[in-house]
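Undergrad: This note's numbering numbers the first residue of the sequence shown as 223 and each following residue consecutively. The structure that follows is given in the form of structure tokens.
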Amino acid sequence: GFDGAKELRAKLMETENSGEVEKIIKNYFNSIK
């Protein structure tokens, strides 16, 4: 996978709802630009 994929997957597994998932993904991709 790409850098940080493991950490990203771990965070997604901890989320309770799709809104939280979307927020995490946006934050993640903003941080790697």
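Note that the Cβ used here is the ideal one computed from N, Cα and C, for glycine as well. Please read all numbers here as calculations on a predicted model, not as lab measurements.
1. If you check the beta carbons only, do G226 and I254 fall under 8 Å apart?
2. Kindly list the residues whose CB is nearer than 8 Å to the CB of V243, restricted to its own chain and excluding five residues on each side of it in sequence; keep chain order.
3. Along the alpha helix (DSSP H) that carries K245, what are the first and last residues, could you check?
TA: Short version:
1. Yes, they are a contact pair.
2. Excluding positions up to five away in sequence, the list reads L234 and T237.
3. Counting along the chain, K245 sits inside the alpha helix (DSSP H) bounded by residues S240 to S253.
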